Amino acid sequence: MRKWWILIGLVILLGIVAACAQPAPETVEKVVKETVVVEKEVEVPVGGQLVKLVARCKASPPYENGRCNNLVSAVGAANQALAEAGDDRRIELEAIQDDADWGDYKTEFELASEAGEAPDIICSGHEHIGDWATAGYLVDITDEIGQYSEFDDVIDSLWTSTKLGGKIWGVPQDAEARPMYYSKILLKELGWSDEEVESLDERVAAGEFTWQDMFDVAEEAVEKGLVEEGDGWWHRPSNGPDFLYYYYGAGGEVQEEGFDGLVFDQGAALTVYQMLYEAAQERNIIRPNKLDADWDFHKEYTSRFDKVAFVYEGTWRWASWHTNYLQDVGGEDYLFENVGFAPIPANEEGTGEPITLTHPLVYMVSSQSENPDLALLLISKATVKELNTTYAVDSGHLGVLKSQADYAPYTSAKFLSATLPLLDYTTFLPNSPYWSAYSEAYYLGIQAVESGDLTPEEALEVVVDQLQNEIGDNVKVRE
């Protein structure tokens with residue numbers, strides 16, 4: 182035996198910062214990079230083969246770094262498995278981790294795939310399976326999953342997010358939920374008792390405190406001058422998975438058994454558009470230009486727990502808030518003292534049931550990989566409770582493994598344990614090649630009504646026209 186030193190490079194692209202537009206008709210982009218090289222000693226048999234794999238992950242540093250770091254940490258276990266199997270190959274890994282915009286990240290993988298330069302492993306949102314598997318960019322791993330015992334530990338329901346056409350195209354990397362956060366400070370200023378504040382999560386879960394009740398409380402906070410107009414309720418500042426649970430909660434469906442396309446329920450969509458129009462244009466609950474904002478609003482939010490009543494956001498934001506912005510005032514303890522969380526309240530005009538949405542990220546193997554078996558082996562060794570729990574605790578994401586339910590390092594994490602029941606109310610995005618066009622059309626209506634450019638009825642008409650133009654016979658529009 183001889184020893185080779187393998188450099189496993191972890192490249193973290195911290196961000197792409199576009200310079201402000203200059204008088205000349207051009208812009209300048211500055212790419213900021215930090216490269217961390219980890220040395221690992223790997224024993225390679227005489228005559229053995231070093232196989233370089235490349236993995237790419239989207240992650241917000243520092244709390245989400247485990248997405249690619251876990252693959253790096255799994256190299257040793259993967260090579261040990263190869264040794265035990267009498268396989269002379271050994272893995273070296275280049276892990277590229279960045280925090281690009283989701284649209285850019287998706288496009289870059291597609292362009293790399295077309296150019297024959299795709300990484301062996303890509304970690305991305307499960308909904309991209311709809312486009313990438315259909316385009317031939319991914320490896321169908323259905324028949325290989327059973328060869329790795331680690332995958333038996335994955336929570337059964339999460340495999341749903343990896344399927345298209347009855348086949349499995351990825352392995353869940355993390356899970357999350359999207360709750361309603363609320364200011365305990367403001368609720369008390371509105372006259373709520375300590376018992377009323379602390380029981381709000383239970384009342385939401387029971388369907389007793391609804392979306393309409395939330396709007397009423399937010400409006401009361403505005404009218405009493407406790408918050409500024411537009412700060413009664415905040416949601417994300419751009420298109421994304423969250424807006425789909427608005428539609429689900431209003432009673433809408435996006436898929437129909439026996440139909441390969443997508444379904445658009447006009448009644449449910451109109452309910453959503455009417456509520457958002459009312460919130461922004463009539464009740465001054467949310468800023469009419471909220472969708473013109475950027476993600477820096479999270480920094481603003483953490484300094485305004487007494488100035489914003491309700492926020493719809495993801496469980497992973499919890500770790501970001503206390504890690505990036507609240508260390509000087511008590512970190513996570515400060516959050517628990519001042520902020521509560523619950524499922525998204527039931528919509529009285531829809532299903533009448535509380536809801537959330539889970540958007541698992543998944544590891545996928547590129548069809549261009551020359552060693553897909555090694556890529557899947559490496560993913561299996563990263564899909565273990567020790568690594569996944571460290572990532573979950575650091576990032577505020579929920580675990581993906583059954584064994585984490587009674588794994589002390591996971592259960593001792595107060596926030597993760599408290600938010601795990603949110604999965605009882607969860608839904609998923611559809612894996613469909615038509616989802617992107619569908620989502621953009623639906624979101625167009627949200628933009629139009631919040632800004633006041635269109636009435637809900639006008640927005641619905643525009644959205645239906647766009648869906649039919651973009652997707653054609655692959656969308657079924659229900660009256």
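Heads up: take any position in the sequence shown, counting from 1, add 181, and you land on the numbering used here. Where is the CB? At the ideal position from N, CA and C, for every residue including glycine. Given the structure is predicted, the values throughout are model-derived calculations rather than measurements.
Please classify residue i as buried or exposed, where buried requires at least 16 other C-beta atoms within 10 Å of its C-beta.
i           : result
residue 227 : exposed
residue 607 : buried
residue 230 : exposed
residue 199 : Reliability of the predicted coordinates at residue 199 is poor, the pLDDT of 32 falling under 50, and the value obtained from them is presented with this limitation in mind. Classification for residue 199: exposed.
residue 271 : buried
residue 631 : buried
residue 491 : buried
residue 457 : buried
residue 686 : Residue coverage of the chain in this structure runs from 182 to 660, which leaves residue 686 outside it and unanswerable.
residue 650 : exposed
residue 574 : buried
If you draw a straight line from the alpha carbon of residue i to that of residue j, how long is it in whole angstroms?
i           : j           : result
residue 667 : residue 382 : Residue 667 is absent from the model: the chain starts at 182 and stops at 660.
residue 663 : residue 653 : Nothing about residue 663 can be read from this structure; the chain reaches only from 182 to 660.
residue 321 : residue 350 : 5 Å
residue 361 : residue 494 : 7 Å
residue 648 : residue 619 : 6 Å
residue 510 : residue 429 : 38 Å
residue 209 : residue 475 : The pLDDT assigned to residue 209 is 26, lower than 50, so where the model puts this residue is not dependable; a value taken from the coordinates is nonetheless given after this. Whole-angstrom Cα-Cα distance: 20 Å.
residue 399 : residue 414 : 6 Å
residue 461 : residue 478 : 18 Å
residue 299 : residue 500 : 31 Å
residue 583 : residue 332 : 10 Å
residue 185 : residue 264 : Residue confidence for residue 185 is low, a pLDDT of 39 falling below 50, so the modelled location carries little weight; the figure read from the coordinates is stated next. Whole-angstrom Cα-Cα distance: 15 Å.
residue 507 : residue 364 : 15 Å
residue 431 : residue 536 : 10 Å
residue 591 : residue 253 : 21 Å
residue 371 : residue 515 : 21 Å
Please name the residue, chosen from the options, that lies closest to residue i on a Cα-to-Cα basis.
i           : options            : result
residue 347 : 599, 653, 438, 469 : 438
residue 602 : 358, 416, 497, 639 : 358
residue 565 : 239, 251, 317, 395 : 251
residue 447 : 433, 456, 307, 440 : 433
residue 489 : 524, 435, 396, 291 : 396
residue 281 : 264, 639, 239      : 239
residue 581 : 377, 284, 334      : 334
residue 546 : 261, 354, 613, 516 : 354
residue 530 : 249, 318, 402, 388 : 388
residue 391 : 544, 532, 268      : 532
residue 256 : 561, 660, 379      : 561
residue 544 : 319, 370, 267      : 319
residue 568 : 481, 249, 538, 385 : 249
Residue i and residue j look like a contact to me (Cβ under 8 Å); what is the Cβ gap, rounded to whole Å?
i           : j           : result
residue 427 : residue 453 : 5 Å
residue 623 : residue 450 : 7 Å
residue 339 : residue 314 : Not a contact, Cβ separation roughly 17 Å.
residue 577 : residue 496 : 5 Å
residue 237 : residue 303 : 5 Å
residue 171 : residue 616 : No answer is possible for residue 171: the residues shown for the chain start at 182 and end at 660.
residue 523 : residue 534 : Rounded, the Cβ-Cβ distance is 13 Å, inconsistent with contact.
residue 542 : residue 294 : Going by Cβ atoms, the distance from residue 542 to residue 294 rounds to 18 Å, so no, they are not a contact pair.
residue 633 : residue 469 : 6 Å
Excluding the 5 residues preceding and the 5 following residue i in the sequence, name in chain order all residues of the same chain whose CB lies nearer than 7 Å to its CB.
i           : result
residue 366 : 486, 487, 519
residue 325 : 557
Taking 6 Å as the limit between beta carbons, can you name the residues of its chain near residue i, skipping five residues before and five after?
i           : result
residue 628 : 472
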